[in-house]
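In terms of the numbering used here, the sequence shown has 305 at position 322, counting the first letter as 1, and numbering is strictly consecutive. By construction, the Cβ of each residue, glycine as well, lies at the ideal position given by its N, Cα and C atoms. Source: prediction; values computed, not measured.
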Amino acid sequence: MSTLNQFIASGEMALVLFFVGLAIVCIIIITSAYIYAYYSKMLKQLPNAVKFKNLETMISNLESKKEDLIKEVDKHKTEVENSKRVIEEANKLKKWLEDNGVTIAQLESEISNKRQDYEKASKILQEETNKLLEKRKELQDAEQALANKKSEAISSLNDIKLQARDAERQRDQASNEFDKISDKADKLRAENNQLNIESLSAKVKLENLLSEIKKLEEKISKLEKEIEKKYEELGNTINNLKTQKTELESQNKELDGIIRGNKAAVEMLNSQHKALQETLENLTGQITRLEPPELKTRLEDLYRAQIIGEFKYRDTILNENQWLDKFKDDMKSDGVIFPKRALYAFHTALKIADISPLVVLAGISGTGKSLLPQLYANAIGMHFLPIAVQPRWDGPQDLFGFYNYMENRFKATELSRLLWQLDAYNNKGNFGNLKSSMALVLLDEMNLAKVEYYFSELLSKLEYRNNIHDAKSRSPVEIEIESGSLRRHEKNERIFVGNNILFVGTMNEDETTQNLSDKVIDRSNVLRFGKPNKTDTIPDKEKLMKKTKTEYLLNYEHWQHWKNRDLDLEKKNILNKYLDDLNKEMNEIGKPFGYRVSQAVMKYVSTYPMAVSDTRAFNDAIADQIEMKILPKLNGIELEKGNKLFKAITEIAGKLGDTILLDTLRTAIEDNTKPFFEWRGVTRIDN
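If you want it as structure tokens, here you go:
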């Protein structure tokens, strides 16, 4: 019904539009007539020529408008005709509606009823749908809860399995460790027995030799006395013979028989004299053979060159930061990743070897402790000497060698030959252009033997080797080489270990800095290496050595150039304030540090790359020294006793912005499993 009404309304609208269009046409015609009359009036006032021209133009325009109006009128005529047809159809529809009005009303009533039924059904359906959605949500919640419980159960089961595996692995490890310790103990007992046997045998041999020497000396003394006695007797005999000869000459005729009788006796005495002379010469030769050979012969093992080859030096000084970045990138490209902080710390610790002569690298096996020094020396241009420390080492002779009195020879080590070759003061031999070069000595697994036994004497000498140039001042810090019995014109060789020799030691993590005495810690920088980032990458060492190798030796003067830096007054004051605060608290627990440690920290911070100009690097350097110099000295103190000190160190670490040091320190302090402080160092990560 509404559609029909709309249709009728549209027909009426068309009729209205027709009359509107007709009115517009009439208005246009009237307007045109008015315009024409107006122009006709105006043309009468113009000259005829202009009037004619304008008239033509106006006529042309009017004709154009006329054509447009005719088209518009035709258009409206068409619309009027269409409107008439629409009106006729509308009238027909109206009549149909009048004839079928009752039927339409019934249909509309049925449609209304159906709509109401539909709405009720829709409402019921919506309610049922909502109920189903609620049930579905409850079901989903129940399923989620069940899944969570299942996940928790699986997680708990996995944890139990992991704990079981860990327990089993720990049991296996403990069993393996016990087996290893047992094997090692058996091996050590066997070695000890063998050494005892060898020592006893050597002792017996030595006693026998000493006994033989004593007997020879007694025999020589006895023979000398006999020779003197024989000489005396022979002299007396000769005198007697001379007297007898004089008497015989005066009584020649009377004593011919006596002379002939004594002739045999004289021949016998001459034979005895000759035999005694040969015995004397033989004993003199034996005495000569017992004397040691010339000093040069005795020390020829020391004089053998450890470094062989021709070398050249770089003309220009390397840019320190650029070299460090390139060295780090070259290693990283082949899968060897050392954190930047660890690399900078190692580099700086070597630069301050004049005040802290030893760099210690501690960590578990496989962290690159032994590889880093070798790669570093290879890349920077230093001679490299690895030394495997042995458990039996107990004195300096294990480092430098010893004099063999049986062979009358000095048995040198690789280290003593290297030190002699690079000694610019005592060694006057021709070893090429090596005196300006540097060497890095690696004591691998240095804590297999007690460090203080074999290295303490050298460590003390290294500490006092600075600013020494004349022979008298050098003498106390030189190493004296034992050369056996010296002749009047001979003296023992001496070796001066200069600052061009750097020492690095490695230690296993299971025996870390608590095995080092305060003396060693004060004169060292101890770096800890954490577990590797990747366990599936084994670097190609030969390829890496070839990649990082430099063709130039590092000139010691260039190395010195990297060390000649000084902090400004503001940074010095900040660092001194930190050190004073720490030392004050450490003094309270009986662990103060001395002037040597303060100077070492100051030297480390001032020579750390970019610390002079960059605040971040300055703070990192201070944090390094707290980690390497201060905290290792606190191993073994009671946590409760050092509470105030630990608080001060924690505050300083926070100010320095070293979150890794701060977290590691807090973990060590809050470890409730031990009543004592145990410092294992900081594991740095790559950045």
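* Asked: Residues in its own chain within less than 7 angstroms of R281 by CB, not counting five upstream and five downstream?
  -> Within the same chain, R281 has close Cβ partners P275, N391, R392, F393, S466 and G467.
Can you list, in chain order, the stretches of the alpha helix (DSSP H) that have 4 or more residues and sit fully within the region 482 to 550? Correct list: 501 to 505, 524 to 531 and 539 to 546.
inquiry  = Please report the straight-line C-alpha distance between L380 and Y437, rounded to a whole angstrom.
reply    = Sequence check: residue 380 is Gln here, not Leu. Spanning the alpha carbons of Q380 and Y437 requires a straight line of approximately 8 angstroms.
Report task. Using beta-carbon positions only, say whether P677 and E446 come within less than 8 angstroms of one another. Result -> The question about residue 677 has no answer here: the residues shown for the chain are numbered -16 through 670.
(Q) With H, G and I counted as helix, E and B as strand and the rest as coil, what does DSSP make of I221? (A) It is helical.
Provide the residue span of the alpha helix (DSSP H) that contains D284, from first to last. Under the DSSP assignment, D284 falls in the alpha helix (DSSP H) whose first and last residues are E283 to Y286.
Check: With a CB to CB cut of under 6 angstroms and the five nearest residues on each side skipped, what residues in its chain are close to R324?
Finding: So the qualifying residues of the chain are R667.
Would you check if there are 3 or more beta carbon pairs closer than 8 angstroms linking the region 586 to 595 to the region 633 to 649?
-> At 8 angstroms Cβ cutoff, the stretches do not touch.
Return the CA-CA distance between N566 and E492, expressed in angstroms with no decimal places. Each residue's CA atom was taken as its position, placing N566 and E492 some 28 angstroms apart.
- Return the first residue and the last residue of the beta strand (DSSP E) that G577 is part of. Careful: G577 lies outside any beta strand (DSSP E) and carries neither H nor E.
If distances are taken between C-alpha atoms only, which option among A88, I12 and K455 comes closest to L52?
Checked all of A88, I12 and K455; the closest Cα to L52 is I12.
Checklist entry - According to DSSP, which residues form a beta bridge with L368? => result Answer is V424.
*asked:* Looking at the strands, I want to know which residues DSSP matches up with G384.
replied: In the DSSP assignment, G384 is bridged to A395.
* Asked: With a Cβ-Cβ cutoff of 8 angstroms, do K612 and V580 count as a contact?
  -> Yes; because the gap between Cβ atoms is below 8 angstroms, this pair is in contact.
- [ ] Return the chain-ordered ranges of every alpha helix (DSSP H) run that is complete within the region 628 to 652 and spans a minimum of 4 residues.
- [x] If only complete runs of 4 or more residues are kept, the region 628 to 652 shows the alpha helix (DSSP H) at 642 to 652, in order along the chain.
For this session: Use the C-beta contact count for N222: other C-beta atoms within 10 angstroms, 16 or more gives buried, fewer gives exposed.
Result: That one is exposed.
* Proximity to N430 [Cα-Cα], best of K526, E473, L402 and V487 -> Closest option to N430, Cα to Cα, is V487.
In the DSSP assignment, find the unbroken beta strand (DSSP E) run with A345 in it and report its ends. In the DSSP assignment, A345 falls within the beta strand (DSSP E) that extends over L341 to G346.
| query | Going by the beta-carbon positions, is the gap between E568 and K627 smaller than 8 angstroms? | reply | Cβ atoms of E568 and K627: closer than 8 angstroms.
Review point. Measuring CB to CB, does A345 end up less than 8 angstroms from M490?
Key: It is a contact, given that the beta carbons lie within the stated cut-off.
| task | Kindly identify the DSSP beta-bridge partner or partners of R477. | result | Here R477 is bridged, per DSSP, to E463.
Reducing DSSP to helix, strand and coil, say where P30 ends up.
Below a pLDDT of 50, predicted positions are generally treated as unreliable, and P30, at 49, falls in that range; the measurement from the model is reported next regardless. Residue state for P30 is assigned as coil, using DSSP reduced to three classes.
(request) May I ask you to report which of helix, strand or coil DSSP gives Y296? (result) In this structure, DSSP gives Y296 an extended state, which the three-state scheme calls strand.
Mind checking M251: buried by the 16 CB within 10 Å criterion, or exposed?
Note on M251: under 16 other CB atoms within 10 angstroms of its CB, so exposed under the neighbour-count rule.
Task: I609 versus E653 - alpha carbon distance - done: If I take the Cα positions, the gap works out to 19 angstroms.
Legend entry - Minimum length 4: unbroken alpha helix (DSSP H) runs contained in the region 577 to 625: Counting only runs that start and end inside the region 577 to 625, the alpha helix (DSSP H) elements of at least 4 residues fall at 578 to 590 and 598 to 608.
### Query
So A606 packs on L562, CB below 8 angstroms; how close in whole Å?
That belief does not hold up - the Cβ atoms of A606 and L562 are roughly 13 angstroms apart, past 8 angstroms.
Q | Reference L355, options K524, Y539 and K638, closest by Cα | A | K524 is the residue among K524, Y539 and K638 whose C-alpha sits nearest the C-alpha of L355.
**Prompt:** DSSP three-state call for F660: helix, strand or coil?
**Reply:** Coil at F660, not helix or strand.
query: Are H541 and I370 close, meaning C-beta to C-beta below 8 angstroms?
result: Taking 8 angstroms as the Cβ cut-off, H541 and I370 do not qualify as a contacting pair.
Note to self: Taking the straight line between their C-alpha atoms, what separation do you get for F479 and Y408?
What the structure shows: Those two C-alpha atoms are separated by around 7 angstroms.
Whole angstroms are fine: how far does the CA of I290 sit from the CA of Q404? As the crow flies, the alpha-carbon of Q404 is around 8 angstroms from that of I290.
Buried or exposed: which applies to L368, given that a residue is buried once 16 or more other Cβ atoms fall within 10 Å of its Cβ?
Buried is the call here.
(message) Quick check: I464 and R457, are their CB atoms within less than 8 angstroms of each other?
(response) Cβ atoms of I464 and R457: not closer than 8 angstroms.
Practice task
Report the rounded CA-to-CA distance for L441 versus N498, giving the unit in angstroms.
Solution key: Approximately 18 angstroms, taken between the alpha carbons.
ask   = By how many angstroms is the C-alpha of K77 removed from the C-alpha of G84?
value = The straight-line gap from Cα to Cα measures roughly 10 angstroms.
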